Amino acid sequence: MNFRFRDNIEEMAGYVPGQQPRDSSVIKINSNENPYPPSPKVFEALAKLDGEALRKYPPVFWNEFRRAAAQVHGVTEEMVVGGNGGDEILTMLVRCCCDKGRALAYPVPTYSLYPVLAKIQDAPVIEVPFAERGQIPAELAKVKTGLTILCNPNAPTGTQVEAEKVRQLARQLSGVLLIDEAYVDFAEHNCLGLLNDCNNVVILRSMSKGYSLAGMRFGYALGSQRIVEAMIKVKDSYNVNIAAQAAATAALLDQDYFLKNVRKIKNERKRLTTALRKLGFELSESQSNFLLAKITRPAAKEIYEKLVQRNILIRYFNLEGLEDKVRITVGSREQNDALLAVLEEII
Ligand SMILES: Cc1ncc(COP(=O)(O)O)c(C=O)c1O
Numbered sequence: 002m003n004f005r006f007r008d009n010i011e012e013m014a015g016y017v018p019g020q021q022p023r024d025s026s027v028i029k030i031n032s033n034e035n036p037y038p039p040s041p042k043v044f045e046a047l048a049k050l051d052g053e054a055l056r057k058y059p060p061v062f063w064n065e066f067r068r069a070a071a072q073v074h075g076v077t078e079e080m081v082v083g084g085n086g087g088d089e090i091l092t093m094l095v096r097c098c099c100d101k102g103r104a105l106a107y108p109v110p111t112y113s114l115y116p117v118l119a120k121i122q123d124a125p126v127i128e129v130p131f132a133e134r135g136q137i138p139a140e141l142a143k144v145k146t147g148l149t150i151l152c153n154p155n156a157p158t159g160t161q162v163e164a165e166k167v168r169q170l171a172r173q174l175s176g177v178l179l180i181d182e183a184y185v186d187f188a189e190h191n192c193l194g195l196l197n198d199c200n201n202v203v204i205l206r207s208m209s210k211g212y213s214l215a216g217m218r219f220g221y222a223l224g225s226q227r228i229v230e231a232m233i234k235v236k237d238s239y240n241v242n243i244a245a246q247a248a249a250t251a252a253l254l255d256q257d258y259f260l261k262n263v264r265k266i267k268n269e270r271k272r273l274t275t276a277l278r279k280l281g282f283e284l285s286e287s288q289s290n291f292l293l294a295k296i297t298r299p300a301a302k303e304i305y306e307k308l309v310q311r312n313i314l315i316r317y318f319n320l321e322g323l324e325d326k327v328r329i330t331v332g333s334r335e336q337n338d339a340l341l342a343v344l345e346e347i348i
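For the sequence shown, the residue numbers in our numbering are 2 to 348.
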């Protein structure tokens, strides 16, 4: 059969995720996962799931999670949308906002899933380089789009734009502004306040990073009722399974455990930043759980390859502007020590 998919699907390349080895002897600091396990409350919630819970379809509107998110973030339940990971939240919004005549724009370098989602929708992509020190480029407000995404803190640079500057951008745009706060758990501030006065703003949060639930898949969005209603129209009917809903609710409600882990990661981030600088890497302060470190001698790619040989996985992006950098997830103290010991030998 000589069948053909839609032209845009035939022509596009899919998203390329980082390597995901299951071998626990590998020090895996390549996907910005949390080095600590999720809250004990998560395991209690999962243990309570019985045959009856699994037999039935899960709640369509993530009721318990919505209640928990409303309580933790001080919003109404109607402002919360649950997703099968933050990635599904991105899919829903690109579906709602982008098509052939409605572009997706974002500053680069950033999360490489964004253009893939636009291409699935057959929507034009407008990439505008970040201004100095990770600031919003002036052109971003001038381009006509269906959706603009600001990854804040940004991946893979770790820089963050202050809320007031994001508010100015939101006011200038005629389309929707998605603030991707997947890494905000490790930052000093967030953009939640914008939900009060910018009805075109929607904020993405992930349970994969600060809450250690990457394997469970749960992300969510906070936005005005109008945006939430549109997202619900385009989502899969039962988009989040019952275990993920229970786990995410329990994790979000255990703020003490979450804050304790985030504090540990921030302390390690500081220690790792200082140690990498001593080894000759150039890096700015990160507001996330990873560091983008520049090195030319030896070449960044060579460092990446030598670490792979020693069973340590970091991320190297062979992309313009990133050729001389590696991205390292902040691991546990033991993982970071192992990384630093091997780097000392290599350099
Ligand atoms: C910038 C950014 N946004 C969103 C996500 C989605 O995360 P998840 O689907 O695991 O919630 C990621 C994952 O790494 C990310 O880096």
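By construction, the Cβ of each residue, glycine as well, lies at the ideal position given by its N, Cα and C atoms.
Note that this is a predicted model, so its numbers are computed, not measured.
If we call anything under 7 Å between Cβ atoms a contact, is residue i one with residue j?
i, j, result
"residue 294", "residue 82", "no"
"residue 232", "residue 80", "no"
"residue 57", "residue 251", "no"
"residue 344", "residue 280", "yes"
"residue 287", "residue 176", "no"
"residue 125", "residue 132", "no"
"residue 219", "residue 290", "no"
"residue 329", "residue 28", "no"
"residue 180", "residue 200", "no"
"residue 336", "residue 63", "no"
"residue 332", "residue 36", "yes"
"residue 108", "residue 129", "yes"
"residue 318", "residue 296", "no"
"residue 120", "residue 13", "yes"
"residue 19", "residue 32", "yes"
"residue 85", "residue 240", "yes"
"residue 178", "residue 202", "yes"
"residue 59", "residue 243", "yes"
"residue 164", "residue 192", "yes"
Expressed to the nearest angstrom, what Euclidean distance is found between the alpha-carbon atoms of residue i and residue j?
i, j, result
"residue 208", "residue 316", "21 Å"
"residue 262", "residue 102", "44 Å"
"residue 118", "residue 347", "38 Å"
"residue 292", "residue 135", "14 Å"
"residue 98", "residue 91", "11 Å"
"residue 112", "residue 70", "25 Å"
"residue 48", "residue 67", "21 Å"
"residue 95", "residue 205", "13 Å"
"residue 15", "residue 114", "9 Å"
"residue 278", "residue 322", "20 Å"
"residue 8", "residue 320", "26 Å"
"residue 44", "residue 211", "17 Å"
"residue 72", "residue 105", "32 Å"
"residue 265", "residue 258", "11 Å"
"residue 306", "residue 324", "13 Å"
"residue 226", "residue 194", "16 Å"
"residue 88", "residue 213", "16 Å"
"residue 274", "residue 21", "25 Å"
"residue 284", "residue 276", "11 Å"
"residue 74", "residue 168", "19 Å"
"residue 301", "residue 234", "45 Å"
"residue 143", "residue 173", "8 Å"
"residue 147", "residue 61", "27 Å"
"residue 50", "residue 65", "14 Å"
"residue 338", "residue 298", "21 Å"
"residue 334", "residue 123", "45 Å"
"residue 310", "residue 342", "14 Å"
"residue 304", "residue 25", "22 Å"
"residue 46", "residue 190", "30 Å"
"residue 55", "residue 249", "17 Å"
"residue 166", "residue 149", "15 Å"
query = Which residues have their C-beta within less than 5 Å of a heavy atom of ligand 1, listed in chain order?
reply = 86, 87, 88, 112, 152, 156, 181, 183, 207, 209 and 220
request  = Let me know the alpha helix (DSSP H) ranges lying completely inside the region 141-221, each 4 residues or longer, listed in chain order.
outcome  = 164-173
Every unbroken beta strand (DSSP E) inside the region 282-323 [3 residues or more] = 291-295
ask   = Which residue spans inside the region 8-93 form an unbroken alpha helix (DSSP H) run of at least 4?
value = 8-12, 41-48, 52-56 and 64-74
query = Counting only runs that start and end within the region 94-143, where is the beta strand (DSSP E) found for 3 or more residues in a row?
reply = 105-109 and 126-130
task = Let me know the alpha helix (DSSP H) ranges lying completely inside the region 229-261, each 4 residues or longer, listed in chain order.
result = If we require 4 residues or more, the alpha helix (DSSP H) runs fully inside the region 229-261 come out as 243-254.
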